[in-house]
């Protein structure tokens with residue numbers, strides 16, 4: 001019985017995958033519930049899962065969840081695609097010119113190692129509270145992974161494939177569209193996946209400092225009033241956003257490069 | 001008597017300049033004439049510049065001296081009268097078999113409908129009917145090389161240039177592919193120039209075998225192969241066949257030994 005259940009979980013099907021996720025979620029909820037029932041009885045530190053669910057429904061009922069979602073999703077929904085577009089464009093430029101790459105490369109890695117999040121208060125001072133400061137901060141934290149993977153992906157293109165295309169008298173543009181770019185695409189998508197996680201951190205921090213609405217703002221506000229249940233409800237929503245994006249990009253990556261999996 | 005030569009290589013040399021090292025003379029004074037419809041092989045130790053010569057004939061590399069003429073015209077770049085089948089896997093992994101076979105045609109601007117019809121014909125010729133919509137990673141090494149050959153033939157070149165096409169295959173698959181190549185050659189009526197280091201392969205397939213010396217590559221000997229056609233694998237046990245292989249082996253033995261030491 002247990003052996004059969006174990007074998008089922010080991011399988012590579014969609015149903016088995018779902019069961020694995022459900023099982024681990026249930027386990028975490030159980031541990032959480034037990035913790036709040038035994039060791040951590042101070043409700044300012046940790047509340048039971050059911051209280052969090054209740055707080056979540058309350059936020060939905062009052063409409064606060066919706067207001068915050070609109071604020072956060074508008075900011076991320078505009079700045080993230082912009083970050084991807086700009087990142088790919090810079091990556092293309094760097095991959096196409098050795099001089100640009102040599103000049104821009106060190107600059108980019110220097111910028112990349114600066115914790116841009118730390119500049120959040122400065123952006124708020126420059127751009128004011130609200131959309132613009134969020135937009136710029138998310139753009140800056142999300143753009144680097146895309147730049148790096150785009151350049152790396154374009155440079156990684158198989159020399160044999162390029163030579164074969166050249167032997168068929170392909171133009172440089174044809175080599176780019178039929179070999180180099182398709183080869184780089186899965187790399188780019190993996191960069192986008194990393195960028196998405198960073199964008200969520202960026203938006204939360206931006207909203208901590210500079211806004212009147214948004215998930216980050218709500219987390220901050222709940223924290224300051226010691227409303228742990230509401231705080232955790234928003235954190236879980238953010239976590240779901242992160243997980244969803246990561247899963248989508250991963251499946252795109254696998255679809256674009258099925259030959260890598262086998 | 002005038003023979004119709006499709007390919008004339010006259011006095012071709014190739015020298016590679018290497019930063020911080022002595023120049024590398026890869027080829028010296030190569031003269032080769034290939035009659036239309038013939039099957040000619042070039043054998044030689046590794047490093048004898050065979051593949052370099054093939055790239056010069058295709059127009060992928062410029063010669064340092066001398067000229068290559070195909071159909072009486074000097075080669076300066078790859079053209080539709082030549083097609084290369086490379087040793088390594090140079091199929092596009094994100095394209096299906098039919099898309100790969102039609103690749104050269106689509107690069108030349110042929111509409112998909114016509115390109116895929118032509119592609120289908122050569123897939124059939126290569127014995128791959130039913131695999132049109134498979135991806136390269138779903139095929140065996142031998143099947144991938146059939147796709148490679150079909151892709152070269154699909155652009156309807158006058159001369160097919162094969163660069164050690166079966167080197168990566170196991171011995172049994174290689175023998176099967178050799179007979180397949182003979183069949184395809186006879187059915188298509190193309191001229192074939194084969195680069196190989198397998199002496200028995202060269203003798204089995206060719207009308208004439210050109211033996212290269214080791215670096216710098218020069219034409220050491222030209223050997224007509226008077227074996228009757230059609231040929232099958234039993235021929236490889238015939239005394240005349242064994243004698244020819246032996247003769248060629250003795251010609252390049254010293255060079256192979258020399259290059260094995262370095």
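Chains as they are written, first to last, in the numbering used here: chain A, 1 to 262; chain B, 1 to 262. Positions of the beta carbon are idealized from the N, C-alpha and C atoms, including for glycine. In this text the structure is predicted, and so the values were computed from the model without any measurement.
The secondary-structure analysis by DSSP pairs residue 40(B) across a beta bridge with 193(B), 208(B). About 6 Å separates the CB atoms of residue 104(B) and residue 151(B); that is less than 8 Å, so the two are in contact. Annotated three-state conformation of residue 135(B) is coil, per DSSP.
For residue 224(A), no CB of chain B lies under 8 Å from its own CB, so it is not counted at the interface with that chain. The C-beta distance from residue 68(B) to residue 56(B) rounds to 6 Å, short enough to fall under 8 Å.
With a threshold of 8 Å between beta carbons, residue 250(A) makes no contact with chain B. Of the residues assessed, residue 41(A) falls on the exposed side of the cut-off, its CB having fewer than 16 other CB atoms within 10 angstroms. A distance below 6 Å between beta-carbons, with the five flanking residues on each side excluded, links residue 18(A) to no residue of its chain. Between the region 132-144 of chain B and the region 85-97 of chain B there are three or more C-beta pairs closer than 8 Å, enough to call the two in contact.
Within the region 167-180 of chain A, contact with chain B at the beta-carbon level (separation under 9 Å) is assigned to 167, 168, 169, 170, 171, 174, 178, 179.
For the region 120-137 of chain B, the set of residues with a beta-carbon nearer than 9 Å to any beta-carbon of chain A comprises 135, 136, 137, in chain order. Contact between residue 170(A) and residue 107(B) holds, since their C-beta atoms are separated by about 5 Å, short of 8 Å. In this structure, the CA atom of residue 37(B) is about 33 Å from the CA atom of residue 137(B).
Measuring C-alpha to C-alpha distances from residue 185(B) to each of 195(B), 159(B), 175(B) identifies 159(B) as the nearest. The beta-carbon separation of residue 146(A) and residue 83(A), rounded to 7 Å, stays under the 8 Å limit for a contact. Sorting 116(B), 167(B), 254(B) by C-alpha distance to the C-alpha of residue 200(B) places 167(B) at the top. Contact of residue 156(B) with chain A by beta-carbon distance below 7 Å is absent, the smallest such distance being about 12 Å.
For residue 164(A), the nearest beta carbon of chain B is closer than 8 Å to its own beta carbon. The secondary-structure analysis by DSSP pairs residue 73(B) across a beta bridge with 70(B). Going by C-alpha positions, residue 180(B) is about 59 Å away from residue 201(A).
Contact of residue 161(A) with chain B by beta-carbon distance below 7 Å involves 90, 92. By the 16-neighbour rule on beta-carbons within 10 angstroms, residue 246(B) is exposed. In this structure the region 33-52 of chain B touches the region 189-196 of chain B; the number of beta carbon pairs closer than 8 Å is three or more. In the three-state DSSP reduction, residue 180(B) falls in the helix class (H, G or I).
The beta-bridge partner set that DSSP reports for residue 132(A) is empty. For residue 198(A), the enclosing alpha helix (DSSP H) begins and ends at 181-209.
Look at the beta carbons and you see the region 120-128 of chain B not touching the region 76-89 of chain B: under three pairs across the two are nearer than 8 Å.
For residue 82(B), the pairing in a beta bridge is given by DSSP as 159(B). Here residue 32(B) is near residue 219(B), since their CB atoms are less than 8 Å apart. One alpha carbon belongs to residue 204(A), the other to residue 77(B), and they sit about 56 Å apart.
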